[in-house]
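Trainee:
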Amino acid sequence: MSLEVIEIRDQATGSFAKIAPSFGFNCFQFVAKMDEQEVDVLWAAKDFVDGSARPSSSGIPVLFPFPGRLKGTKLIWEDREFTIPEGDGRGNAIHGFVFNRAWRVTEQTESKITAQFQASQDDPTLLEQWPADFKIQATYEISGSTLTGTYRVENPSTKPLPFGLGTHPYFNVPIGGESADDCEIVVPFTFSWEFKEQLASGNQFNRDSDPFDPMLFKDTQFDNGFGGLECEDGLCTTSIHDPGSGRTIEQQFDDQFESVVLYNPGHREAFCIEPYTCIPDAFQLRRQGYDGGLRVLAGGDAFETTVRIRVK
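In the working numbering, the protein residues as written are 298 to 609.
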């Protein structure tokens with residue numbers, strides 16, 4: 298059965314994006330029109346719109362209330378134990394609860410769409426799997442060659458809400474050129490987290506090169522996390538440049554995202570630069586005395602952040 302797909306469009310340029318509200322509110326296509334050319338920014342599986350693809354494998358999955366993996370399927374918080382379903386085929390919970398569930402569209406214009414998901418309203422079984430009720434709202438807006446995602450987290454309960462938020466964009470490579478190999482990737486991290494069994498151990502290793510030095514796509518093979526992001530005026534900028542076409546995909550996010558996860562899908566038709574507010578399994582790191590960026594939202598409080606993707 299095909300998914301419901303909603304398109305937003307910039308009337309002036311013809312740039313457009315497509316979103317699947319019933320499949321995690323995933324923005325799975327963004328096409329920027331520039332100089333009478335189309336740049337297809339996001340990679341998505343051919344069967345994504347059929348609803349049969351792995352929901353975290355395409356477009357921009359929204360990862361909440363934990364991005365990445367948690368060790369095992371048990372979460373201990375304030376002396377309470379919660380059981381979370383296994384999701385990675387290796388015995389670990391992964392990527393939260395909202396990337397594969399239906400969201401409710403609350404507002405829509407030609408160039409903008411907003412949707413939200415609240416545990417107590419949209420899937421009350423989640424209240425048994427997490428320490429507090431939660432509401433997440435996302436807005437996608439397209440203007441020229443820029444797609445802006447705004448993400449808002451609210452704690453509608455009286456209990457503290459521990460959380461992490463991440464996005465998982467799959468950027469197409471190459472970007473109009475003939476080969477992905479020479480695409481230049483810039484991610485200004487200053488240290489890497491040691492990962493053991495795809496979970497951060499707490500150890501950090503300083504980067505041995507300038508944070509703004511480009512990496513060639515052909516030399517990348519990642520599925521781990523990085524921190525110490527260099528920011529300017531509170532904003533971190535990452536990019537993928539295709540020397541064959543001269544095009545660049547630039548992603549900019551604020552310093553509330555303390556970490557990035559870099560990931561090479563096995564098909565190597567895309568590269569993922571994933572902004573995370575915390576490193577995967579920041580809960581376990583916290584118990585071990587490390588700061589992995591875990592956030593705790595008091596009852597009635599809110600958190601908001603923005604990610605901009607543009608083509609140059």
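Glycine included, every Cβ here is placed at the ideal spot set by N, Cα and C.
Can you name the start and end residues of the alpha helix (DSSP H) that residue 526 belongs to?
Mentor: Mapped onto the sequence shown, residue 526 falls at position 229. From DSSP, residue 526 is part of no alpha helix (DSSP H); its letter is neither H nor E.
Trainee: Residue 345 by DSSP, collapsed to three states: which one?
Mentor: Walking along the sequence shown from the start, residue 345 turns up at place 48. The answer is helix: DSSP assigns residue 345 an H, G or I state.
Trainee: With a CB to CB cut of under 6 Å and the five nearest residues on each side skipped, what residues in its chain are close to residue 475?
Mentor: Residue mapping note: residue 475 aligns to position 178 of the sequence shown, counting from 1. These residues qualify, in order along the chain: 541.
Trainee: What's the C-alpha gap between residue 439 and residue 309?
Mentor: Numbered from its first residue, the sequence shown carries residue 439 at position 142. Numbered from its first residue, the sequence shown carries residue 309 at position 12. One C-alpha to the other measures close to 11 Å.
Trainee: Take residue 605 as the anchor and find which of 549, 563, 537, 410 has the nearest alpha-carbon.
Mentor: Taking the sequence shown and counting its residues from 1, the one referred to as residue 605 is at position 308. That would be 549, whose Cα lies nearest to the Cα of residue 605.
Trainee: Can you list, in chain order, the residues of its chain whose CB lies under 6 Å from that of residue 601, leaving out five sequence neighbours each side?
Mentor: Numbered from 1 along the sequence shown, position 304 holds the residue referred to as residue 601. Correct list, in chain order: 449.
Trainee: Give the secondary structure of residue 591 by DSSP, where H, G and I count as helix, E and B as strand, and everything else as coil.
Mentor: What you label residue 591 is simply residue 294 of the sequence shown in a count that begins at 1. If DSSP states are grouped into helix, strand and coil, residue 591 belongs with coil.
Trainee: Let's see if you can read the secondary structure: which residues bound the beta strand (DSSP E) around residue 458?
Mentor: The count along the sequence shown starts at 1 and reaches residue 458 at position 161. Segment 458 to 460, the beta strand (DSSP E) holding residue 458.
Trainee: Using alpha carbons as the reference points, say which of 592, 305, 591 lies closest to residue 445.
Mentor: Here residue 445 refers to the residue found at position 148 when the sequence shown is read from its first residue. Per the Cα distances, 305.
Trainee: Cα separation between residue 386 and residue 371?
Mentor: Counting from 1 along the sequence shown, the entry for residue 386 is found at position 89. Counting from 1 along the sequence shown, the entry for residue 371 is found at position 74. Spanning the two alpha carbons is a distance of roughly 15 Å.
Trainee: Looking only at its own chain, which residues have a Cβ that is under 8 Å from the Cβ of residue 573, when we skip the five neighbours before and after it?
Mentor: What you label residue 573 is simply residue 276 of the sequence shown in a count that begins at 1. For residue 573, where only same-chain residues beyond five positions count, the Cβ hits under 8 Å are 360, 364, 365, 461, 462, 463, 522, 554, 555, 556, 557, 558, 590.
Trainee: Which residue marks the beginning of the alpha helix (DSSP H) containing residue 419, and which one marks its end?
Mentor: Here the question's residue 419 lines up with position 122 in the sequence shown. Element bounds for residue 419: 416 to 419.
Trainee: Which class does residue 504 belong to by DSSP, given the choice of helix, strand or coil?
Mentor: In the sequence shown, residue 504 corresponds to position 207, counting from 1. Note: residue 504 maps to coil in three-state DSSP.
Trainee: Kindly identify the DSSP beta-bridge partner or partners of residue 439.
Mentor: Against the sequence shown, residue 439 aligns to sequence position 142. Residue 439 is bridged to 444.
Trainee: Going by DSSP, what residues sit across from residue 351 in a beta bridge?
Mentor: On the sequence shown, position 54 is the one that residue 351 refers to. Note: residue 351 sits in no beta bridge, so no partner.
Trainee: Buried or exposed for residue 455, please, with buried defined as at least 16 other CB atoms from any protein chain shown within 10 angstroms of its CB.
Mentor: To locate residue 455, count along the sequence shown from 1; it is residue 158. Counting Cβ neighbours within 10 Å, residue 455 comes out exposed, since fewer than 16 surround it.
Trainee: Under 9 Å, do residue 379 and residue 425 count as touching if we go by C-beta distance?
Mentor: Looking up residue 379 in the sequence shown gives position 82. Looking up residue 425 in the sequence shown gives position 128. Yes, Cβ-Cβ distance for residue 379 and residue 425 is below 9 Å.
Trainee: Can the beta-carbon of residue 473 be found closer than 9 Å to that of residue 334?
Mentor: For the purposes of this step, residue 473 is taken as residue 176 along the sequence shown, with counting starting at 1. For the purposes of this step, residue 334 is taken as residue 37 along the sequence shown, with counting starting at 1. Closer than 9 Å, so yes.
Trainee: For residue 479 versus residue 514, is the C-beta distance shorter than 9 Å?
Mentor: Translated into the one-based positions of the sequence shown, residue 479 becomes position 182. Translated into the one-based positions of the sequence shown, residue 514 becomes position 217. Yes, they are a contact pair.
Trainee: Is there contact here, the segment 414 to 430 with the segment 526 to 541, by at least three beta-carbon pairs under 8 Å?
Mentor: The segment 414 to 430 is not in contact with the segment 526 to 541.
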